[in-house]
Amino acid sequence: MAEKDVVAAEKRSPLEWSAEELADTARARSLEWLETDGLGGFACGTVSGARTRKYHGWYVPAIPPPRRRWTLVAGCEEMVTAQDETTGISTQIYKDTVYPRGEETLAGFRLDPFPTWTHATDRFTVERSLALVRDRSVTVVRYVNRGASEIGLRVRPLLAFRGSHAVQREDSERDASLEVRGEMSWVRPVPYLPRLYLRAIGARTEADPTWYRSFWYPIETERGYDAEEDLWSPLEWNWTLAPGAEGWVLFSLEEVAGDPVHLVEAERRRREVFAATGDTLFDELARRADAFLVEGDHRDGAILAGYPWFADWGRDTMIAAPGLALAAGRYGPAARVLNTSAAMRRDGLIPNRFADEEGEPEFGTIDAPLWFILAIEWFGRARRNPSRPSPLLGTVRSILAAYRQGTRYGIGVGSDGLLAGGTPDMALTWMDA
1081 MAEKDVVAAE
1091 KRSPLEWSAE
1101 ELADTARARS
1111 LEWLETDGLG
1121 GFACGTVSGA
1131 RTRKYHGWYV
1141 PAIPPPRRRW
1151 TLVAGCEEMV
1161 TAQDETTGIS
1171 TQIYKDTVYP
1181 RGEETLAGFR
1191 LDPFPTWTHA
1201 TDRFTVERSL
1211 ALVRDRSVTV
1221 VRYVNRGASE
1231 IGLRVRPLLA
1241 FRGSHAVQRE
1251 DSERDASLEV
1261 RGEMSWVRPV
1271 PYLPRLYLRA
1281 IGARTEADPT
1291 WYRSFWYPIE
1301 TERGYDAEED
1311 LWSPLEWNWT
1321 LAPGAEGWVL
1331 FSLEEVAGDP
1341 VHLVEAERRR
1351 REVFAATGDT
1361 LFDELARRAD
1371 AFLVEGDHRD
1381 GAILAGYPWF
1391 ADWGRDTMIA
1401 APGLALAAGR
1411 YGPAARVLNT
1421 SAAMRRDGLI
1431 PNRFADEEGE
1441 PEFGTIDAPL
1451 WFILAIEWFG
1461 RARRNPSRPS
1471 PLLGTVRSIL
1481 AAYRQGTRYG
1491 IGVGSDGLLA
1501 GGTPDMALTW
1511 MDA
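For the sequence shown, the working numbering begins at 1081 and goes up steadily by one.
Put into structure tokens, the structure is as follows:
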């Protein structure tokens, strides 16, 4: 390797992948990216662009926030026409084939500040980026012609409208109505979900409802779940893009007007706040930690235990809060999480799990209240006033009193001074014991 190549490799971010690295298709399909909106919604997929899980999707909002997620937009089929030849830049895995094979034209991928793919051949270079905006339920997709010649870009949204844990098959009873008003379109295929707005800026919109059948998700096959799905595409967008020109697509639950550049730029600046220490690893971890801090419904704050399927768990929240919030100096979110748990305590216990659907939280945990007490101590130390009485001191005392007196699930302090608890049908520790 030439000296200049060594220098370039050293300067390249660890969150960037070259064409040579992306040529390993199996590896590129195994690497996954995640975008979140701070409301419990997300978008995720693979670096290669292929959907390998039913959980992969471009627009998976939480309805209602932050736990119940619905996959509304699984992705898009994208075709580029340059010099009278058409090439797919998306990758769609079907039961019996892969078409198009956009991963074969991948020339680069970077994660910062948003997932961004570059597709290139000797005829064109196109860049696609995808961003979610904090505290807004919207996915913003941007296409840029980075080549030297004019291109045609054709995009079809692939809609699911199902719970994130499910897959769907073609359904003739779904409402196929499509409303188009200028650059804004909307659909509502099922009555139990809100309207989906699809905005394409600078494109020609053509109504053309079509079912795409037999997509296949190989990881679901490995997991033993249903792995085949049909997706509905209500329309097609077409752009003619001169060199340097852009095309934009927005998916949302409400009409999002105005220039999307402002949305994306504001989100980029917000994320830069987490890159202020000069420590590359710390700054990147702080950015990624932000994805797990959410707000929504009747509670002030929560920490999600993981994507794409976990919600907020009391034990996980209290263990993770020091690293996700306090280490990054995010004292406000940390305080809201602690206050929320304190407000919802029952009989000396804090909620351990919130169901996806509406309903009472589950309190079956013996150690989450103890982690809660430790988190309060860590919060005080992080604020450099560990000797100052916490406003949650009363909550701490009530937990200790309940443990001394005995509370639900047989939890209590025995005559030997040791804490014990449990029933035959209730696991109370992180070991499910």
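Think of the CB as a built atom: it goes at the ideal place given N, C-alpha and C, for glycine as much as any other residue.
All figures in this text were calculated on a predicted structure; none of them were measured in a lab.
(request) Have a look at His1136, Thr1105, Val1153 and flag the residue whose alpha-carbon is nearest the alpha-carbon of Pro1314. (result) Locating residue 1314 in the sequence shown gives position 234, counting from the first residue. Of His1136, Thr1105, Val1153, the residue nearest in Cα terms is Val1153.
(request) Given a cut-off of 7 Å, decide if Gly1381 and Pro1413 are closer than it, judged by their beta-carbon atoms. (result) Counted from its first residue, the sequence shown places residue 1413 at position 333. Counted from its first residue, the sequence shown places residue 1381 at position 301. Their beta carbons are under 7 Å apart, which means Pro1413 touches Gly1381 by this criterion.
(message) Output needed for Thr1487: all residues of its chain with C-beta closer than 8 Å, excluding positions within five of it in sequence on either side, in chain order.
(response) Sequence index remark: in the sequence shown, residue 1487 carries index 407 (1-based). Cβ neighbours of Thr1487 within its own chain (closer than 8 Å, five residues either side excluded): Asp1427, Gly1428, Leu1429.
(request) Within the same chain, show all residues whose beta-carbon is closer than 6 Å to that of Gly1409, passing over the 5 residues directly before and after it, in chain order. (result) Start at 1 with the first residue of the sequence shown, and residue 1409 comes out as number 329. For Gly1409, where only same-chain residues beyond five positions count, there are no Cβ hits under 6 Å.
(request) Mind checking which residues open and close the beta strand (DSSP E) that includes Arg1222? (result) As a working note, residue 1222 is residue 142 in the sequence shown. First-last of the beta strand (DSSP E) with Arg1222: 1218-1225.
(request) Report yes or no: is there a C-beta of chain D within less than 7 Å of the C-beta of Ala1106? (result) No chain D appears in this structure, which consists of one protein chain only.
(request) Tell me Tyr1297's beta-bridge partners as DSSP assigns them. (result) On the sequence shown, position 217 is the one that residue 1297 refers to. Answer is none; Tyr1297 lacks a bridge partner.
(message) So, for Thr1198: in the same chain, excluding its five sequence neighbours on each side, which residues have a beta-carbon less than 6 Å away from its beta-carbon?
(response) Here residue 1198 refers to the residue found at position 118 when the sequence shown is read from its first residue. So the qualifying residues of the chain are Ala1187, Gly1188, Glu1207.
(message) Along the chain, where does the alpha helix (DSSP H) containing Phe1452 start, and where does it finish?
(response) Counting from one through the sequence shown, the residue named residue 1452 turns up at place 372. Taken as a continuous stretch (DSSP letters only), the alpha helix (DSSP H) holding Phe1452 covers 1448-1462.
(message) Below 6 Å, is the gap between the Cβ of Val1267 and the nearest heavy atom of the ligand PLP?
(response) No copy of the ligand PLP occurs in the structure displayed, which carries no ligand at all.
(request) Use the C-beta contact count for Phe1443: other C-beta atoms within 10 angstroms, 16 or more gives buried, fewer gives exposed. (result) The count along the sequence shown starts at 1 and reaches residue 1443 at position 363. Buried, since its Cβ has 16 or more Cβ neighbours within 10 Å.
(request) Could you tell me the boundaries of the beta strand (DSSP E) in which Val1267 lies? (result) As a working note, residue 1267 is residue 187 in the sequence shown. Looking at the DSSP string, the run of the beta strand (DSSP E) that includes Val1267 is 1264-1267.
(request) Hey, could you find the ends of the alpha helix (DSSP H) Ala1346 is sitting in? (result) On the sequence shown, position 266 is the one that residue 1346 refers to. Counting along the chain, the unbroken alpha helix (DSSP H) around Ala1346 starts and ends at 1340-1352.
(request) Report the rounded CA-to-CA distance for Pro1141 versus Thr1151, giving the unit in angstroms. (result) The sequence position of residue 1141 within the sequence shown is 61, counting from 1. The sequence position of residue 1151 within the sequence shown is 71, counting from 1. Answer to the nearest angstrom: the Cα atoms are 7 Å apart.
(request) State the beta-bridge partners of Leu1191 as determined by DSSP. (result) Start at 1 with the first residue of the sequence shown, and residue 1191 comes out as number 111. Leu1191 is not bridged to any residue.
(request) Just the C-alpha distance for Ile1383 and His1245, rounded to the nearest angstrom, thanks. (result) What you label residue 1383 is simply residue 303 of the sequence shown in a count that begins at 1. What you label residue 1245 is simply residue 165 of the sequence shown in a count that begins at 1. Taking the straight line from one Cα to the other gives about 20 Å.
(request) Note the first and the last residue of the continuous alpha helix (DSSP H) segment covering Tyr1483. (result) Start at 1 with the first residue of the sequence shown, and residue 1483 comes out as number 403. Its alpha helix (DSSP H) spans residues 1473-1485.
(message) Taking a contact to mean a Cβ-Cβ separation below 7 Å, would you say Val1221 touches Leu1210 in this structure?
(response) The residue labelled residue 1221 in the question sits at position 141 within the sequence shown. The residue labelled residue 1210 in the question sits at position 130 within the sequence shown. A contact, by the Cβ cut-off of 7 Å.
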